[in-house]
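In our numbering, the protein residues as written are 7 to 621.
Input: a single structure, listed below in structure tokens.
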């Protein structure tokens, strides 16, 4: 058997370069690159190995470990999970900084390969710098925190262990049902140890996207349920986009007259002008989608994990004896809430359902109700996004201004706070993938790093990051990385001087404004933050605008810049779109000295009666 003598780290990166996939008919590497921040726990092993393959497996130097993993996650999402990136860090804080990003990828079912450094396997220099010592367990290291947020976790304590570990890692990373983060904790001495690896380990392998077909009995049950429905709706999630099933979904909805509501991950699966596209559904949903959902007798859930924002904390679907058909690659998601499971690929499942339904259509009156509801919602939404001379515009008005300055091919990126709700209701994506939201984990700080990952994945499309001042202050360093990488972004910073979304939620649940807006914090002096000066110091074009008209003009100008631009605008922290939406279960204290809280609790108790527990 032919062998090649390499260090474990050299073998790892050589293996990564040999993994290929096919995108748009072209064979390309599965791994588009590696984000790396080096320290003593990976610079000698992984650093030297990555240098040897720098022309075939690019290494990107980031400024924050969490942010670089966010960028890698966003890249994989924008590539519809066909391609991905890896991240390597040193032992200790560099490694544990990845944990939040691992949770983001885990919740959102996104492939992400994490390669943190670890302790010495031989334990000769224990305790090494940054080593955590457990008094009762000599096998514990900080990297054990990755176990609950990894689909697969392994600690490499011998160089030959990387052979089965990487085989298992690739299986998880490319599986449509198991997809998620993989953590291979690399003991730092083992990274540098040599081994005679079989040459076959480095042979090129092409990984294709599996399109699972459904069980015949499950398919028959789903077809029968649809045929019996008088008021069906489709809820489409991220799985539709990962399956590249958007055209199939549109054809299915049109042929059978079924309206479609989109989750945060599923938005942009239907073109904005589709007459059966009801837009967002759930807590941040449109009036059109939620009215139909409340009356539906059958919900076809395609590629969605049915989280609480989608279901209105399971109070949205109110139809008598309504049923759910769960079309999903993952049985765990397909069977939620007593759904009829249809475990299969989204495109395949929709095609087979349509074939089985034949010429069946939903009642014409139901389809017409959906079309009319959509038209009414568009008129309502326009009132919130139209141009205005407001001194402090609302988030919705800013969304409208950015939309007017945009093009159908643009990609908008956002994550946490109030903006995802406004964008979910109001943004009008012009092409699939044009709406990139991290709302599974709702992670503040994802926005700018996520925009970087999206731009690396889609360099020919304009990427617009919309971010609040709170998230900007949490994580902004990848502005500099975007300039180093030539990954130009347009970043719109909405400054409402605090955490406006949570302040509104606090007040809606009877609380007093406290510790959210800067003015309501304990302070000696309020900071006067100059976001434009800060962004400029990182190398970006930066400007502050005073009106919506100036914002439109600035976003248009930014499109012509060759490097990242930041546009800042002051906004109203109290204003939000009060049309559409659905109830969300946020527990209110049973006892309080404040009458506002007691009143909010009474409303909360009443609202909980609408939940379909275990349904």
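Each residue gets a CB set at the ideal place from its N, CA and C atoms; glycine is no exception.
These numbers were taken from a predicted model, which means no experiment stands behind them.
Per DSSP, cross-strand counterpart(s) of residue i
i	result
residue 159	189
residue 571	496 and 547
residue 240	266 and 306
residue 413	According to DSSP, which records beta bridges pairwise, residue 413 is partnered with nothing at all.
residue 42	67 and 94
residue 472	498
residue 118	187
residue 523	504
residue 10	203
residue 211	25
Which of helix, strand or coil DSSP assigns to residue i
i	result
residue 268	strand
residue 202	strand
residue 90	strand
residue 66	strand
residue 383	helix
residue 30	coil
residue 15	helix
residue 464	coil
residue 61	coil
residue 287	coil
residue 37	strand
residue 504	strand
residue 624	Residue numbering for the chain in the displayed model covers 7 to 621; residue 624 lies beyond these limits and cannot be assessed.
residue 292	coil
residue 254	helix
residue 25	strand
residue 334	strand
residue 348	strand
residue 458	helix
residue 372	helix
residue 2	For residue 2 there is no data in the structure shown, the boundaries of the chain being 7 and 621.
residue 329	strand
residue 451	coil
residue 53	helix
residue 392	coil
Cα-Cα separation between residue i and residue j, rounded to whole angstroms
i	j	result
residue 275	residue 7	49 angstroms
residue 556	residue 397	12 angstroms
residue 355	residue 523	47 angstroms
residue 514	residue 94	43 angstroms
residue 487	residue 271	26 angstroms
residue 426	residue 391	15 angstroms
residue 79	residue 604	42 angstroms
residue 572	residue 480	16 angstroms
residue 215	residue 361	23 angstroms
residue 552	residue 575	6 angstroms
residue 257	residue 277	12 angstroms
residue 251	residue 297	26 angstroms
residue 465	residue 324	44 angstroms
residue 67	residue 228	49 angstroms
residue 592	residue 492	42 angstroms
residue 136	residue 130	15 angstroms
residue 482	residue 563	22 angstroms
residue 112	residue 83	12 angstroms
residue 328	residue 286	20 angstroms
residue 445	residue 202	45 angstroms
Spatial neighbours of residue i in its chain, beta-carbon cut-off 6 angstroms, leaving aside the 5 residues before and after
i	result
residue 311	339
residue 373	263
residue 377	281
residue 590	289 and 319
residue 18	168
residue 191	122, 124, 149 and 161
Cutoff 7 angstroms; reference residue i; Cβ partners in own chain excluding five residues on either side
i	result
residue 105	151, 152 and 155
residue 36	25, 26, 27, 89, 90 and 213
residue 581	400
residue 5	Beyond the ends of the chain as shown, which are 7 and 621, falls residue 5; an answer cannot be given.
residue 641	Look at the range of the chain in this structure, 7 to 621, and you will see that residue 641 is not part of it.
residue 254	353, 356 and 357
Neighbourhood of residue i by C-beta distance below 8 angstroms, restricted to the same chain and skipping five residues each side
i	result
residue 62	23 and 35
residue 126	132, 134, 193, 194 and 195
ask   = Which parts of the region 415 to 445 are runs of the alpha helix (DSSP H), unbroken and 4 residues or longer, counting only runs that do not cross its ends?
value = 425 to 432
key: Segments assigned alpha helix (DSSP H), at least 4 residues, entirely inside the region 556 to 621   = 601 to 614
task = Write down every uninterrupted run of the beta strand (DSSP E) in the region 120 to 164 whose length is 3 residues or greater and which is fully enclosed by it, in chain order.
result = 158 to 162
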